[in-house]
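Enquirer: Can you keep this structure in mind? I'll have questions shortly.
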Amino acid sequence: MGKSDTVEQFESKWEDLKEKYQIGDDTWLGNMYKLRHFWIKVYLKDTFFAGMTTCGRCESMHSFFVNSKTMLNDFVLQYDKAVALRRGAEEDQNFRTLNSKPTLHSDHPIEAMAAKCYTRNMYDVFRKQWKASLDCGHQKMMKGSDFVTYKVGFLGGNKENWKIVE
């Protein structure tokens, strides 16, 4: 379908696909379309994610396996190698988790709970996100009967660039 720069482009391309492949609203793809506001990039461009980015692992795994010139037997060998590497990495992580304790960087109970519950690798991921979240701030703008509107952004940044979320 290609990348769309605007919602209008996406919707136009979707209609073309829907017609070409006779995609019904009650199909899996039709249901994914109904959830497009949660996963289609063009719908998320104004959403504040507190500095989080997509995972590059998916792209690297895709490029490792998918190549138009890869023969089936080469694919199987690459797959077996990838599985063996992944299992070895998991064994290393399990050993590291069971035989060492992470260094906490604050006295906050959330960090202590994460260190207790997560593997060391997941704790390291959590810690980076936790640290980044400490650089974020919010300001309550308005409170309604069933919603609250905040202005959120990075504390060191210009508040003019903060996003409004409900």
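Numbering (my numbering), first residue to last: 24 to 189.
All C-beta atoms in this analysis are idealised placements derived from N, C-alpha and C, irrespective of residue type, glycine included.
1) Got a sec, what are the start and stop residues for the alpha helix (DSSP H) Gln152 sits in?
2) Buried or exposed: Gly176, going by 16 or more other Cβ atoms within 10 Å of its Cβ?
3) Quick check: what's the CA-CA separation for Leu40 versus Ile46?
4) For Ile187, name the three-state secondary structure that DSSP assigns.
5) Could you say which of Lys154, Ala155 and Lys124 lies nearest to Cys140 if we only look at CA atoms?
6) Can you list, in chain order, the residues of its chain with a C-beta nearer than 7 angstroms to that of Trp62? Leave out the 5 residues immediately preceding and following it.
7) Looking at the structure shown, is His128 part of a helix, part of a strand, or coil, going by DSSP?
8) To the nearest angstrom, report how far apart Asn96 and Asp28 are at their CA atoms.
9) Are the Cβ atoms of Gly160 and Leu178 separated by less than 7 angstroms?
10) Return yes when the Cβ of Met164 is within less than 7 angstroms of the Cβ of Lys154, no when it is not.
11) Quick one: using the 10 Å Cβ neighbour count with 16 as the cut-off for buried, is Ala137 buried or exposed?
12) Which one of Asn117, Glu113, Arg150 and Tyr44 has the shortest CA to CA distance from His131?
13) Tell me, please, which residues DSSP counts as bridged to Phe177.
14) Since Lys166 sits in a beta bridge, which residues does DSSP pair it with?
15) Which of the three DSSP states, helix, strand or coil, is assigned to Met94?
16) So the alpha helix (DSSP H) Asp39 belongs to, where does it begin and stop?
Expert: So, from the listed chains and residues:
1) Counted from its first residue, the sequence shown places residue 152 at position 129. Taken as a continuous stretch (DSSP letters only), the alpha helix (DSSP H) holding Gln152 covers Arg143 to Ser156.
2) The sequence position of residue 176 within the sequence shown is 153, counting from 1. With 16 or more other Cβ atoms within 10 Å, it is buried.
3) Locating residue 40 in the sequence shown gives position 17, counting from the first residue. Locating residue 46 in the sequence shown gives position 23, counting from the first residue. Each residue's CA atom was taken as its position, placing Leu40 and Ile46 some 8 angstroms apart.
4) Working through the sequence shown from its first residue, we reach residue 187 at position 164. Under the three-state reduction of DSSP output, Ile187 falls in the strand class.
5) Taking the first residue of the sequence shown as 1, we reach residue 140 at position 117. A check of alpha carbon separations from Cys140 across Lys154, Ala155 and Lys124 identifies Lys124 as the nearest.
6) Here the question's residue 62 lines up with position 39 in the sequence shown. The answer is none, since no qualifying residue turns up.
7) Here residue 128 is taken as the residue at index 105 of the sequence shown, counted from 1. Under the three-state reduction of DSSP output, His128 falls in the coil class, being neither helix nor strand.
8) As a first step, residue 96 is located in the sequence shown; it is residue number 73 there, counting from the start. As a first step, residue 28 is located in the sequence shown; it is residue number 5 there, counting from the start. Taking the straight line from one Cα to the other gives about 39 angstroms.
9) As a working mapping, residue 160 is identified with position 137 in the sequence shown. As a working mapping, residue 178 is identified with position 155 in the sequence shown. Taking 7 angstroms as the Cβ cut-off, Gly160 and Leu178 qualify as a contacting pair.
10) On the sequence shown, position 131 is the one that residue 154 refers to. On the sequence shown, position 141 is the one that residue 164 refers to. Lys154 is not a Cβ neighbour of Met164, given a cutoff of 7 angstroms.
11) Translated into the one-based positions of the sequence shown, residue 137 becomes position 114. Under this definition Ala137 is a buried residue.
12) Taking the sequence shown and counting its residues from 1, one reaches residue 131 at position 108. Answer by Cα proximity: Arg150.
13) As a working note, residue 177 is residue 154 in the sequence shown. Per DSSP, Cys159.
14) Indexing the sequence shown from 1 puts residue 166 at position 143. Lys166 is bridged to Val171.
15) Numbered from its first residue, the sequence shown carries residue 94 at position 71. In this structure, Met94 counts as coil in the three-state DSSP scheme.
16) For the purposes of this step, residue 39 is taken as the residue at position 16 of the sequence shown. Asp39 -> alpha helix (DSSP H) spans Val30 to Tyr44.
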